Amino acid sequence: MAPIKEKKSFKLTAATGNQDGAGTDANVYVTFEDEEGRRTKEKKLDKLLYNDLEKGKKDKYDINAPVEFGAVKKLHVHRDSTGLGDSWFCDYFEIKDLRFKGNNNEPSPTKKEYYYFPIHRWISSQHRYEFDEYGTCLPQADPCIGPRKADLEAKKSSYNYVYRIGAMAATDTTDACVGHCAQVETLPADEKFSEDYYWNFATDKLKLLAETKWMEWTNQTKWNSLSDLRSVYKKSLGEPKCLDVWREDWWFGLQRLQGVNPVIIELCTQIPDNLAVTDTTVEGLMDDLTLNEALENKKIFICDLKIMDGLCCKENRELAAPLALFYLNKENKLLPIALQLKQEKGDDNPVFTPKDSKNTWLVAKMFYNNSEAQHHQALTHLGYTHLLMEGVVVCTHRNLSPSHPLFKLMAPHFLFLLAINSRGLEKLVSEGGWVDCCMTQGLCGILDLMKRGFEAWTYTKFGSVSAELEARGVLNKDVLPYYPYRDDALPLFAEIRKYVKTIVEHHYDNEDKMKEDWELKSWREELAKQRSENGVGLADIPGSKEDGFNSVDEVVDVVTMIISTCSLGHAASNFQQYEQYGYVPNYPGILMSTLPKEKKEYTEEEIMQILPDKRMTLDIMVITKLLSTKGTQSLGDFEMQYLYDPVGVQAAKDFRKNLDRLSKKNKLENVDRQWDFDWLDPEFVPNAISV
Ligand SMILES: [Fe+2]
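So this is what it looks like as structure tokens:
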């Protein structure tokens with residue numbers, strides 16, 4: 001038989017991951033296959049006098065092919081177990097077709113110049129792998145199902161759930177753990193590549209501290225006056241914009257609409273029985289309307305932080321569980337009209353109003369904000385984004401193969417999350433950590449509050465931006481015309497959904513494909529399964545254990561909720577932290593006294609006594625500055641690409657284009673706003689929870 005004629009036809013790039021142990025000493029063999037089933041000769045990826053396939057490296061190899069070889073359709077990969085470190089994490093293969101003549105008029109034997117095979121997994125010596133171009137397929141269509149199943153089994157032993165937060169011992173199986181959300185037991189080796197990112201982040205704190213240059217600050221003396229306190233911002237970390245306005249009532253209203261926790265305000269349809277407010281209390285504060293008229297006209301709004309009631313906190317401190325009433329005036333400004341700091345009516349629980357003396361009212365507002373700040377950190381920020389999504393990330397690794405389209409769709413939004421949670425939150429939410437020192441709730445309070453919050457979380461309520469707004473009665477623009485958080489969050493959520501829908505519907509172009517997808521079914525089941533049964537415990541996830549999701553739309557909705565939480569949800573609650581908390585009186589994470597039991601007059605000196613000392617102020621400033629730093633790219637501009645198929649690539653392109661348009665629109669709208677709000681401008685929203 002005449003020898004098959006071959007010629008140098010391709011340049012193969014093999015990219016090795018950045019994980020610990022990703023590089024290999026084993027011999028790796030690759031074969032290409034075309035659409036007619038023709039194969040190249042097996043190629044050993046070995047260059048003379050060179051250490052191939054080392055961690056983080058991209059190595060190039062020449063590949064010969066029979067002259068009649070067509071377009072590359074499949075890649076066959078296997079390795080032996082030579083050497084001490086034989087394991088290999090392959091990120092991707094890229095193939096350049098050297099026969100491609102370009103888009104000029106010259107006839108080209110092939111239509112494409114590049115082929116992508118994203119792999120994103122450990123290649124075991126136990127299997128022979130076969131990958132389709134783009135490496136994206138549902139399990140029922142995977143030509144290489146054995147290794148796929150084995151890979152998921154291995155993931156199940158490295159991505160284990162544990163139901164504790166930060167400081168709680170891994171072995172703690174007592175009642176204290178029940179109700180906490182699912183976390184990863186130990187940071188899997190695969191996630192460790194992101195540690196470099198984290199450590200850069202941690203050293204930034206030291207740099208920031210050095211920049212402040214106020215070593216004289218690091219003592220425990222109090223500030224002499226508010227002007228003494230505000231004078232330090234200019235020469236250090238920058239002045240939060242609220243410095244001149246933080247005492248104003250309209251500002252207190254704006255904090256509810258575009259502050260760091262803009263998801264508390266609700267339309268009030270009747271005054272709660274436990275709020276001791278009558279017409280007399282608020283007389284003169286509502287454009288001559290009676291309370292009933294204002295309620296009927298939907299002009300009354302409320303923030304009810306009953307979830308804070310009875311929460312434990314640091315010694316000698318007291319947390320409010322406040323009810324705050326607001327009136328929407330004729331200029332559509334939301335103004336506070338009454339504040340009751342505890343839930344139960346009583347002589348020692350006065351209702352404060354703007355009619356009280358200036359500092360009495362100011363201190364009441366500070367205690368309200370102090371309580372809301374605890375809620376913000378425990379739930380809106382850490383609990384409902386960082387921690388809730390950690391369980392989702394673990395569940396995804398355990399149930400969806402890296403070949404699964406949903407894995408590839410969500411993976412860019414999970415970047416750094418496990419590392420930042422395992423390493424970063426450990427410092428914040430631990431005994432003696434930042435929350436324990438610099439927040440009124442301390443460690444015991446935040447753990448308790450998170451637990452309450454996770455019990456209250458349901459998909460029905462928090463599964464979409466509009467459902468959450470509707471539940472608070474503030475979805476409708478006619479009811480609450482000025483609400484920047486809502487006005488920016490809704491279109492951004494819609495763009496995310498559109499992008500998700502394109503990709504999900506492409507892969508499940510009929511419902512049978514979805515029904516036959518056993519990875520999707522087990523992913524759904526574990527997301528919904530109760531925490532006491534080793535699940536993530538997301539209440540109300542649509543579908544059932546028996547049948548999985550009922551429709552493709554439900555899959556779109558759940559994936560949208562996840563991507564939105566990792567991007568929009570986190571951005572809304574994270575990046576404004578320095579602006580709000582940085583100047584402590586504006587949004588005090590901690591106050592050094594118990595709640596006022598009567599309408600006491602306060603001198604400025606007495607207010608300074610309630611505020612933290614210089615050392616703690618510095619800690620609050622530095623940490624919130626650090627947490628407000630954006631270190632990653634904008635939504636849609638992915639740090640790591642997983643989807644290479646034409647539909648995925650086009651969807652991502654459209655997504656970026658639409659977000660760009662939205663960003664321009666946001667910038668225009670911002671001009672007319674009562675106060676700047678660009679935290680949900682897609683340009684400033686990162687892909688993932690990475691800080
Ligand atoms: Fe964060």
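Just so we're aligned, residue 1 is where the sequence shown starts under the UniProt record's numbering, counting upward by one. Cβ atoms here follow ideal geometry from the backbone N, Cα and C, with glycine treated the same way. Note that the structure is a prediction, hence the values are computed from the model and not measured.
Using the Cα positions of leucine 626 and cysteine 395, report the straight-line distance between them to the nearest angstrom. Position 626 of the sequence shown, counted from the start, is the residue given in the question as residue 626. Position 395 of the sequence shown, counted from the start, is the residue given in the question as residue 395. Using only the alpha carbons, I get a separation of about 29 angstroms.
Going along the chain, which unbroken runs of the alpha helix (DSSP H) with 4 or more residues stay wholly within the segment 450-518? 459-462, 465-471, 484-507, 511-515
Pull up the DSSP beta-bridge partners for alanine 338, would you. Mapped onto the sequence shown, residue 338 falls at position 338. In the DSSP output, where bridge partners are listed per residue, alanine 338 has Leu325.
So, helix, strand or coil for isoleucine 95, using DSSP? In the sequence shown, the residue the question calls residue 95 occupies position 95. Judged by DSSP in its simplified three-state form, isoleucine 95 adopts strand.
Near glutamate 601, which residues of its chain fall below 7 angstroms by C-beta distance, leaving aside the five closest residues on each side in sequence? Here the question's residue 601 lines up with position 601 in the sequence shown. Correct list, in chain order: Ser357, Asn359, Thr360.
Rounded separation between proline 585 and lysine 657 - CA only: In the sequence shown, counting from the first residue as 1, residue 585 sits at position 585. In the sequence shown, counting from the first residue as 1, residue 657 sits at position 657. So the two alpha carbons sit approximately 41 angstroms from each other.
How long is the line joining the alpha carbons of glutamine 674 and tyrosine 483, rounded to whole angstroms? Residue numbering aside, residue 674 sits at position 674 when the sequence shown is read from its first letter. Residue numbering aside, residue 483 sits at position 483 when the sequence shown is read from its first letter. For glutamine 674 and tyrosine 483, the distance between alpha carbons rounds to 10 angstroms.
Tell me whether the beta-carbon of residue 753 lies closer than 8 angstroms to the beta-carbon of phenylalanine 10. What is shown of the chain runs 1 to 691, which leaves residue 753 out entirely.
Apply the 10 Å Cβ neighbour rule to isoleucine 271 and answer buried if 16 or more other Cβ atoms are within range, or exposed otherwise. In the sequence shown, counting from the first residue as 1, residue 271 sits at position 271. With 16 or more neighbouring CB atoms inside 10 Å of its own CB, isoleucine 271 falls in the buried class.
For lysine 8, which residues from the same chain have a beta carbon less than 8 angstroms from its beta carbon, with the 5 sequence-adjacent residues on both sides left out? Taking the sequence shown and counting its residues from 1, one reaches residue 8 at position 8. Asp62, Ile63, Asn64, Leu98, listed in sequence order.
Work out the CA separation of leucine 362 and lysine 408 for me, nearest whole Å. Here residue 408 refers to the residue found at position 408 when the sequence shown is read from its first residue. Here residue 362 refers to the residue found at position 362 when the sequence shown is read from its first residue. Each residue's Cα considered, the two are about 50 angstroms apart.
Beta strand (DSSP E) segment containing tryptophan 122, residue limits: Taking the sequence shown and counting its residues from 1, one reaches residue 122 at position 122. Where tryptophan 122 is concerned, the enclosing beta strand (DSSP E) stretches over 114-123.
What is the DSSP secondary structure of valine 64, reduced to helix, strand or coil? On the sequence shown, residue 64 is found 64 positions in, with the first residue counted as 1. Strictly speaking, residue 64 in this sequence is asparagine, with valine absent from that position. DSSP places asparagine 64 in strand when its eight states are reduced to three.
Less than 8 angstroms between the beta carbons of tyrosine 29 and lysine 47, yes or no? Taking the first residue of the sequence shown as position 1, residue 29 is located at position 29. Taking the first residue of the sequence shown as position 1, residue 47 is located at position 47. The answer is no: Cβ separation not under 8 angstroms.
Minimum C-alpha distance to leucine 226 - residue among Ala652, Ile607, Ser634: On the sequence shown, residue 226 is found 226 positions in, with the first residue counted as 1. Out of Ala652, Ile607, Ser634, the CA that lies nearest to the CA of leucine 226 is found in Ile607.
Report buried or exposed for tyrosine 587, applying the criterion of at least 16 other Cβ atoms within 10 angstroms of its Cβ. As a working mapping, residue 587 is identified with position 587 in the sequence shown. By the 10 Å Cβ count, tyrosine 587 comes out buried.
Are the Cβ atoms of alanine 688 and histidine 413 separated by less than 8 angstroms? Along the sequence shown, one-based indexing puts residue 688 at 688. Along the sequence shown, one-based indexing puts residue 413 at 413. Cβ atoms of alanine 688 and histidine 413: closer than 8 angstroms.
CA nearest to the CA of alanine 419, picked from Lys101, Pro612, Leu187: Numbered from its first residue, the sequence shown carries residue 419 at position 419. Taking only the C-alpha atoms, the option nearest alanine 419 is Leu187.
Mind checking who aspartate 59 pairs with in its DSSP beta bridge? Along the sequence shown, one-based indexing puts residue 59 at 59. Partner(s): Ala14.
Reduced DSSP category for aspartate 619 - H, G, I as helix; E, B as strand; rest coil: Position 619 of the sequence shown holds residue 619. In this structure, aspartate 619 counts as helix in the three-state DSSP scheme.
With a 10 Å radius around its C-beta and 16 neighbouring C-beta atoms as the bar for buried, classify glutamate 579 as buried or exposed. The residue labelled residue 579 in the question sits at position 579 within the sequence shown. Buried, by the Cβ-count rule.
Measuring alpha carbon to alpha carbon, tell me which residue in Lys545, Leu595, Leu527, Gly543 is nearest glycine 537. Working through the sequence shown from its first residue, we reach residue 537 at position 537. Nearest option by C-alpha distance: Leu527.
Starting from threonine 31, follow the beta strand (DSSP E) in both directions and report where the run begins and ends. As a working note, residue 31 is residue 31 in the sequence shown. Start and end: 28-34.
Compare the Cα-Cα distances from leucine 325 to each of Arg247, Leu305, Leu659, Asn316 and report the closest residue. Mapped onto the sequence shown, residue 325 falls at position 325. The residue with the shortest Cα to Cα distance from leucine 325 is Leu305.
Can you grab the Cα-Cα spacing for the pair leucine 447 / alanine 378, in whole Å? Here residue 447 corresponds to residue number 447 of the sequence shown, with the count starting at 1. Here residue 378 corresponds to residue number 378 of the sequence shown, with the count starting at 1. Their backbone Cα atoms lie some 8 angstroms apart in a straight line.
Report the CB separation of valine 184 from tyrosine 115 in whole angstroms; it is logged as a contact under 8 angstroms. Taking the first residue of the sequence shown as position 1, residue 184 is located at position 184. Taking the first residue of the sequence shown as position 1, residue 115 is located at position 115. The pair is not a contact, with the Cβ atoms about 34 angstroms apart (cut-off 8 angstroms).
How many Å lie between alanine 170 and aspartate 190 at the Cα? Taking the sequence shown and counting its residues from 1, the one referred to as residue 170 is at position 170. Taking the sequence shown and counting its residues from 1, the one referred to as residue 190 is at position 190. Because alanine 170 carries a pLDDT of 42, less than 50, the predicted location of this residue cannot be relied on, and the following value inherits that uncertainty. About 20 angstroms.
How long is the line joining the alpha carbons of leucine 339 and glutamine 255, rounded to whole angstroms? As a position in the sequence shown, residue 339 is number 339, starting the count at 1. As a position in the sequence shown, residue 255 is number 255, starting the count at 1. Looking at the two C-alpha atoms, the distance is approximately 15 angstroms.
Is it true that the CB of tyrosine 459 sits closer than 8 angstroms to the CB of aspartate 540? As a first step, residue 540 is located in the sequence shown; it is residue number 540 there, counting from the start. As a first step, residue 459 is located in the sequence shown; it is residue number 459 there, counting from the start. Yes, the Cβ-Cβ distance between aspartate 540 and tyrosine 459 is below 8 angstroms.
At a cut-off of 7 angstroms, would you count leucine 334 as near ligand 1, judging by its Cβ distance to the nearest heavy atom? As a working note, residue 334 is residue 334 in the sequence shown. False, no ligand heavy atom lies under 7 angstroms from that Cβ.
Length at least 4, wholly inside the segment 333-385: the alpha helix (DSSP H) runs in chain order: 358-375
Tell me the start and end of each unbroken alpha helix (DSSP H) in the segment 222-278 that is at least 4 residues and wholly inside, in chain order. 226-234, 249-258
Considering only DSSP beta bridges, list what isoleucine 300 is partnered with. Here residue 300 refers to the residue found at position 300 of the sequence shown. Tyr327.
Ordered along the chain, which non-local residues of its own chain (more than five positions away) have a Cβ less than 7 angstroms from that of asparagine 274? By 1-based counting over the sequence shown, the position of residue 274 is 274. Taken in chain order, the residues that qualify are Gln343, Glu344, Lys345.
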